[in-house]
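J.: Numbers given in our numbering equal positions in the sequence shown, counted from 1, plus 287. Where a beta carbon is used, it is the ideal one built from N, C-alpha and C, also for glycine. The structure presented is a predicted model; accordingly, all values stated were derived computationally and were not measured.
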Amino acid sequence: MRKTCILRQSPLTTAANSLQTQQRCSNFEWRDFRDAQYSPGRNTVILLVDMREAVGCAVYIHNERDGFVDMVGIENKGHVILVPWEQGLKIVCYGQCTVAEITALEAPTT
């Protein structure tokens with residue numbers, strides 16, 4: 288099972304930008320999904336799942352072959368969850384879910 292990080296501080300942009308991606312990252316916008324499947328863009332490095340006000344929400348993470356990888360569920364209520372993202376993954380949202388993507392703006396420097 289993948290490890291997720293629980294974000295317990297604010298503002299979100301400060302905490303998200305402090306992760307070590309070794310890349311410049313985008314700002315993010317929250318998107319609402321209800322009972323939907325979604326594949327984040329190929330430059331996504333972090334997926335944020337807003338569970339602060341969640342009611343009956345679960346976000347399942349699947350690989351390209353629909354195999355279960357991880358899940359963010361109601362046990363995380365009250366927090367924003369940061370999920371390190373890998374190309375080829377997708378999410379399936381059950382209930383009303385709010386997520387955002389942080390994308391890499393440029394290639395890492397060597």
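Quick one: what's LEU334 bridged to in DSSP?
T.: VAL370, GLU388
J.: Beta carbon of ILE348, beta carbon of MET358: below 8 Å?
T.: yes
J.: Give me the Cβ distance between VAL336 and VAL386, rounded to the nearest whole Å; I'm assuming they're in contact under 8 Å.
T.: 5 Å
J.: Alpha carbon to alpha carbon, how far is HIS366 from ARG295? Give it in angstroms, no decimals.
T.: In this predicted model, ARG295 has a pLDDT of only 41, less than 50, meaning its place in the structure is not dependable; the value taken from the coordinates is given anyway. In a straight line, the C-alpha of ARG295 is about 6 Å away from that of HIS366.
J.: Cα-Cα, which of VAL342, GLY343, ALA323, CYS312 is closest to ASN330?
T.: Out of VAL342, GLY343, ALA323, CYS312, the CA that lies nearest to the CA of ASN330 is found in CYS312.
J.: Ignore the nearest five residues each way along the sequence and tell me which others in ASP322's own chain have a CB closer than 8 Å to its CB.
T.: CYS380, TYR381, GLY382
J.: When you compare the CB positions of ILE333 and CYS344, do they come within less than 8 Å of one another, or not?
T.: no
J.: Consider the C-beta atom of VAL367 and the heavy atoms of the ligand MG; say whether any pair is separated by less than 7 Å.
T.: As far as ligands go, the structure on display features none, and thus does not contain the ligand MG.
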